[in-house]
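My numbering puts the first residue of the sequence shown at -5, with every later residue one more than the last. Built from N, CA and C at the ideal position, the CB exists for glycine as well. First up is the structure itself, then whatever we jot down about it.
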Amino acid sequence: MASAELQGKYQKLAQEYSKLRAQNQVLKKGVVDEQANSAALKEQLKMKDQSLRKLQQEMDSLTFRNLQLAKRVELLQDELALSEPRGKKNKKSGDTSSQLSQEQKSVFDEDLQKKIEENERLHIQFFEADEQHKHVEAELRSRLATLETETAQHQAVVDGLTRKYMETIEKLQNDKAKLEVKSQALEKEAKECRLRTEDCQLQLKNLHEDLSGRLEESLSIINEKVPFNDTKYSQYNALNVPLHNRRHQLKMRDIAGQALAFVQDLVMALLNFHTYTEQRIQIFPVDSAIDTISPLNQKFSQYLHENASYVRPLEEGMLHLFESITEDTVTVLETTVKLKTFSEHLTSYICFLRKILPYQLKSLEEECESSLCTSALRARNLELSQDMKKMTAVFEKLQTYVSLLALPSTEPDGLLRANFSSVLTNVGAALDGFHDVMKDISKHYSQKATIEHELPTATQKLITTNDCILSSVVALTNGAGKIASFFSNNVDYFIASLSYGPKVASGFINPLSAECMLQYKKKAAAYMKALRKPLSESVPYEEALANRRVLLSSTESREGLAQQVQQSLEKISKLEQEKEHWMLEAQLAKIKLEKENQRIADKLKSTSSGQVAGQAQENASVVNASDQEETAKAVSEPVHSTSEVPDVESREDLIKNHYMARIVELTSQLQLADSKSVHFYAECRALSKRLALAEKSKETLAEEMKVASQKISRLQDELTTTKRSYEGQLSMMSDHLCSMNETLSKQREEIDILKMSSKGNSKKNKSR
C-alpha cells in the first residue's frame, strides 16, 4: 500500500516536473526571441541616427548656401541701386546698357525665385523628415523599454522556476530517502508481525483446545448438578443477585452528590427570587409604608411568603435520594424508591407556581396601568409575563418526566423499560429549555431594572430590591445552565447504566422483587464474610520439592561436594576470563567498524556513486562474515568446555542458557549492523544523486561564468576606450592650460614692462 502511494506520488511529481520543464523551454525561447528583437531594434535605431545625422549635415550645408545666396542678392540689390541714378543721367547714351541691365535683373530675379522655392521645399522636407524621425525614435524607445521590462520579467520567472525545480528535486530526494528507510522499517515490522501472528495462532489453537475442554467439563457439570435454569423465567431471574460493580456505585454516588449541590444552589436562588419579588410588590408601584397596596398584590405577597414551604422540600428530597445511593446497593430506576418522594415535592412546587402565576400576571398588568409606567417599561412587563408563563410550562414538563422516571420503583407497569432512554433524553431537553427561559428572564429583567432606575420617582429601596432580584435571577440562570450541562454530559451514562441488574438487561419485575434481591445480596455478603477465614501457614509446594531434592542429594560425601565446588569455581573464573576476552573482541570489532565506516566515507568524496555503493555492499558483507565467524567461535568453544562434566545437568543448562543468550545478543548486533549498512547504502545513493545534480549545476555555472567573463572582457574594452578618450581630453586640457599659462606669463611680462615704464615716466616727471 505504501509503495503504491509512493509510486503515485512520484508519478504526479514527474508529470508536474515535465510540465514545468516544457514551460521553462517556452519561456527560454521567448526570452531569446525578445533579445533578438531588441538587438534588431537597436540596429534600426543606429541606422535612424545615422540618417538623422546625414540630414542634419545636409541642412547645415543648405543653410550655408542660403546665406551665400542672400549675401549675393544683397550685393546685386546694392549694385542695382547704384546703377539706377547713373542710368538716369546717361539715358540717352546708355539705352543699350539699360536694356542689358534689365535683362540681367530679370535673370537674377528668376534665379532668385527658383532658389527661394528650392530653399522652401528643402525646409519642408527637412521638417517632415525631422518629425518622422522623432516619431519613429519615440516608438522605438517605448518598444525597447517594454521589451526590456518583459525580458526582465521572463528572466525573473525563469530564475524562480529553476529555483523551484531545484527545491522540488531536493525535497523529492529527501522524501525518497525517508520513504526508503520507512519501507525498510515497515518490512522489518512486517516480519515481526508475521512472527507474532504465528505465535498468536499457536496461542489461539491452545486456547481453543483448553476452552473446548472446559466447555465440555462445564456442560457436564451443569447437566449433572443444576436442577433447573432460573434465568428462563423473569419472575425467578429478578431474585438473582447481580454481580457487584463497586465502580458503578461509586460513580452513581458521585453523580448524585453533584446533582445535590446543583439542586441546593437552585433552591437557594428560587428562595431569593420569590422573597425579593415579595419585597418588590411592597414597594412598587405603591409603597406599603406610605400607602396601602392593592388587594391583588396583598394576596400575591401572602402566597409568596409561603414559598419556603414548597421550595425547601426539593432540597430535602434530593438529599434523601443521595443518602439512599450507597456502595452496597444496586442503583437502577427500580431500586431508587426515594425518587418518588422528590417527584412529589416537585409536584407540590409546580402547584405553588400555578397558584402564583395569575397573581403575578395581574401584578404586572397593574404596573403597566400605573402612571409611572412608560411605553418601554410596559413592553418589558409584557415580555416578563410571557417569560413567567414559559417558566411554569417548563417546570410542568420537567415534573412530568421526573414522575415518569419515578414510576418503575412503585408501579412497574406504568413505564416500559424500552422507554427509559427516551424519557431521560426528554428530561435533558426540558432542562435546556429551563436554561433558555431563565436567560430570557435575566435579559428582560435587567432591561426593566435599568429603565426603572432612570425614573425620577425611583427610590434607593427600589433600586436595591431590583438589584437583589436581578442577582437571584442570574444565580437561577447559572444554576439552570450547570444542571443542563451536567445532565447532558451524563445522559449517556444514565442510559447505559439502566442495564445494570440481575443477569444483565433482564431487569426487575416489581419493586418487591428488587427489595428481596437486596436482602439476598446482604445475606450473600454475610455468607462470604463468614467464609473468609485466615489460612494456616504452610510450606509452599515448590519450596518443599526443593528441600526434598536437597535432602536426597545430601547422601553424597563432603569431599565430593568440595570437589564440585572447586570445579565450579574454576569454570566460573574461566567463563569470566572468556567474557572479558569477548567483550574486548567486541570493542575491537566496534572500533574496526567505525574505522571502516570512516574510510568508506572518505572514499565517497573522491569516487563515483556506483563504486561507492559496491564498496559499501562489500564492506557490509565482510563485516557480516566476520561477525558470523566470531559468533561461531563463541558458540563452538564453550560447547567443548561444557562437555567436561556431563553428569551435572544444571551446570550444562546454565552454560547453555548463557551461550544462547550470547548468541541472541550477537544476532541482534548482526541485525543492527545489517540495518545500519542498508541505511548507509541509502545515504550513499542519495549522496551520489546529489553529486550528479551538483555536477550539472557546476556545468551550468561554468557556462554562466564564460558568459560573465565575456561580458567582463567587453566592459574592459569599453573601459580602455573611455580611458583613452579621457586621456586625450586630459592632454588637450593640459595643452590648453599650458597655452593659458604662457599667455598669462606674457601678460605678466607686459604688466611688468608697463609698470617699469610707468615708474620711469613718473621719475622723469618728478625730475622735471
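Query raised in the report: Out of curiosity, what's the CA-to-CA distance linking Thr368 and Cys362?
Result: The residue labelled residue 368 in the question sits at position 374 within the sequence shown. The residue labelled residue 362 in the question sits at position 368 within the sequence shown. When the Cα atoms are used, Thr368 and Cys362 turn out to be separated by approximately 8 angstroms.
Practice task
Using the Cα positions of Thr335 and Pro279, report the straight-line distance between them to the nearest angstrom.
Solution key: On the sequence shown, residue 335 is found 341 positions in, with the first residue counted as 1. On the sequence shown, residue 279 is found 285 positions in, with the first residue counted as 1. Whole-angstrom Cα-Cα distance: 40 angstroms.
Practice problem: Under the assumption that His339 contacts Pro307 (Cβ atoms under 8 angstroms), give the Cβ distance between them as a whole number of angstroms. | Solution: On the sequence shown, residue 339 is found 345 positions in, with the first residue counted as 1. On the sequence shown, residue 307 is found 313 positions in, with the first residue counted as 1. That pair is a contact at about 4 angstroms.
Problem - Ala98 versus Gln51: straight-line alpha-carbon distance, rounded - result: Within the sequence shown, numbered from 1, the residue matching residue 98 stands at position 104. Within the sequence shown, numbered from 1, the residue matching residue 51 stands at position 57. For the sequence presented, residue 98 should be read as Gln rather than Ala. Their backbone Cα atoms lie some 33 angstroms apart in a straight line.
Coil, strand or helix - Ala123 by DSSP:
For the purposes of this step, residue 123 is taken as residue 129 along the sequence shown, with counting starting at 1. It is helical.
- Query: Looking at the structure shown, is Ala452 part of a helix, part of a strand, or coil, going by DSSP?
  - Reply: Position 458 of the sequence shown, counted from the first residue, corresponds to residue 452. Correct three-state label for Ala452: coil.
With H, G and I counted as helix, E and B as strand and the rest as coil, what does DSSP make of Ile344? Against the sequence shown, residue 344 aligns to sequence position 350. Residue state, collapsed to three classes: helix.
| With distances taken between CB atoms, is the gap from Leu371 to Lys476 smaller than 8 angstroms? | Stepping through the sequence shown from its first residue, residue 371 is reached at position 377. Stepping through the sequence shown from its first residue, residue 476 is reached at position 482. Against a cut-off of 8 angstroms, the Cβ pair of Lys476 and Leu371 comes out as no contact.
From Val421, Arg411, Met382 and Leu376, pick the residue whose C-alpha is nearest to that of Ser397; which is it?
Taking the sequence shown and counting its residues from 1, one reaches residue 397 at position 403. Nearest of Val421, Arg411, Met382 and Leu376 to Ser397, Cα basis: Val421.
Please classify Gln354: is it buried, with 16 or more other beta-carbons within 10 angstroms of its beta-carbon, or exposed? Against the sequence shown, residue 354 aligns to sequence position 360. Buried: at least 16 other Cβ atoms inside 10 Å.
Checklist entry - Between Leu166, Asp434 and Thr404, which lies nearest to Glu509 when the distance is taken from Cα to Cα? => result Taking the sequence shown and counting its residues from 1, the one referred to as residue 509 is at position 515. It is Thr404.
Of the residues Leu244, Phe120 and Ile350, the one placed nearest Leu290, counting alpha carbons only: In the sequence shown, the residue the question calls residue 290 occupies position 296. Checking every option, the nearest Cα to that of Leu290 belongs to Ile350.
Quiz item: Who are the near neighbours of Leu7 in its chain, counting only those whose CB is closer than 8 angstroms to its CB and skipping five residues on each side?
Solution: Walking along the sequence shown from the start, residue 7 turns up at place 13. The beta carbon of Leu7 lies closer than 8 angstroms to those of Thr162 and Leu166 in the same chain, with the five residues before and after it left out.
Original post:
What's the gap between the Cα of Leu685 and the Cα of Gln1?
Top reply: On the sequence shown, residue 685 is found 691 positions in, with the first residue counted as 1. On the sequence shown, residue 1 is found 7 positions in, with the first residue counted as 1. Cα to Cα, the separation comes out at about 24 angstroms.
Quick test of the definition: if touching needs 3 or more C-beta pairs under 8 angstroms, does the segment 317 to 331 touch the segment 240 to 251? Flag = yes, the segment 317 to 331 and the segment 240 to 251 touch.
Buried or exposed for Asn460, please, with buried defined as at least 16 other CB atoms from any protein chain shown within 10 angstroms of its CB. By one-based count along the sequence shown, residue 460 stands at place 466. Residue environment: Asn460 is assigned as buried (16 or more neighbouring CB atoms within 10 Å of its CB, all protein chains considered).
**Study point:** Gln147 beta carbon near the ligand ZN (any heavy atom closer than 7 angstroms)
**Key:** Looking at this structure, you won't find the ligand ZN or any other ligand, since it has none at all.
**Of the listed residues Gln380, Leu378 and Thr394, nearest to Cys345 (C-alpha basis)** = In the sequence shown, the residue the question calls residue 345 occupies position 351. Ranked by Cα distance from Cys345, the options Gln380, Leu378 and Thr394 are led by Thr394.
- Message: Taking the alpha carbon of Leu470 as the reference point, which residue from Glu73, Ile566, Leu260 and Lys597 has its own alpha carbon closest?
- Response: Counting from 1 along the sequence shown, the entry for residue 470 is found at position 476. Nearest Cα to Leu470 within the set Glu73, Ile566, Leu260 and Lys597: Leu260.
Cβ neighbours of Leu63 in the same chain (closer than 6 angstroms, five flanking residues each side left out) = Within the sequence shown, residue 63 is the residue found at index 69, counting from 1. Cβ within range, chain order: Lys109.
Notebook entry, point to check: Ordered along the chain, which non-local residues of its own chain (more than five positions away) have a Cβ less than 6 angstroms from that of Val152?
Noted result: Your numbering for residue 152 matches position 158 in the sequence shown. Excluding sequence neighbours, Val152 sits near Leu21.
Grab the span of the alpha helix (DSSP H) containing Ser303 for me, first residue to last. Translated into the one-based positions of the sequence shown, residue 303 becomes position 309. According to the DSSP assignment, Ser303 belongs to the alpha helix (DSSP H) that extends over Ala302 to Ser318.
- Determine the DSSP secondary structure at Asn413, reduced to helix, strand or coil. Translated into positions along the sequence shown, residue 413 becomes position 419. Residue state, collapsed to three classes: helix.
Which value, in whole angstroms, describes the spacing of the CA atoms of Val401 and Ala423? As a position in the sequence shown, residue 401 is number 407, starting the count at 1. As a position in the sequence shown, residue 423 is number 429, starting the count at 1. First, the amino acid is wrong: residue 401 is Leu here, not Val. For Leu401 and Ala423, the distance between alpha carbons rounds to 20 angstroms.
Please list, in chain order, all residues of the same chain as Thr145 whose beta carbon is under 8 angstroms from its beta carbon, the five residues on each side excluded.
Counting from one through the sequence shown, the residue named residue 145 turns up at place 151. Cβ neighbours of Thr145 beyond the five flanking positions: Val25, Glu28, Gln29 and Ser32.
In chain order, what are the residue ranges of uninterrupted beta strand (DSSP E) at least 3 long that sit wholly in the segment 555 to 604?
The segment 555 to 604 contains no whole beta strand (DSSP E) run of 3 or more residues.
Quiz item: Around the C-beta of Ile435, are 16 or more other C-beta atoms found within 10 angstroms, so that it is buried, or is it exposed?
Solution: Indexing the sequence shown from 1 puts residue 435 at position 441. Counting Cβ neighbours within 10 Å, Ile435 comes out buried, since at least 16 surround it.
| Can the beta-carbon of Phe428 be found closer than 8 angstroms to that of Leu399? | Taking the sequence shown and counting its residues from 1, the one referred to as residue 428 is at position 434. Taking the sequence shown and counting its residues from 1, the one referred to as residue 399 is at position 405. Taking 8 angstroms as the Cβ cut-off, Phe428 and Leu399 do not qualify as a contacting pair.
What residue range is occupied by the uninterrupted alpha helix (DSSP H) comprising Gly251?
-> Mapped onto the sequence shown, residue 251 falls at position 257. Secondary structure note for Gly251: its alpha helix (DSSP H) is the uninterrupted segment Arg240 to Ile277.
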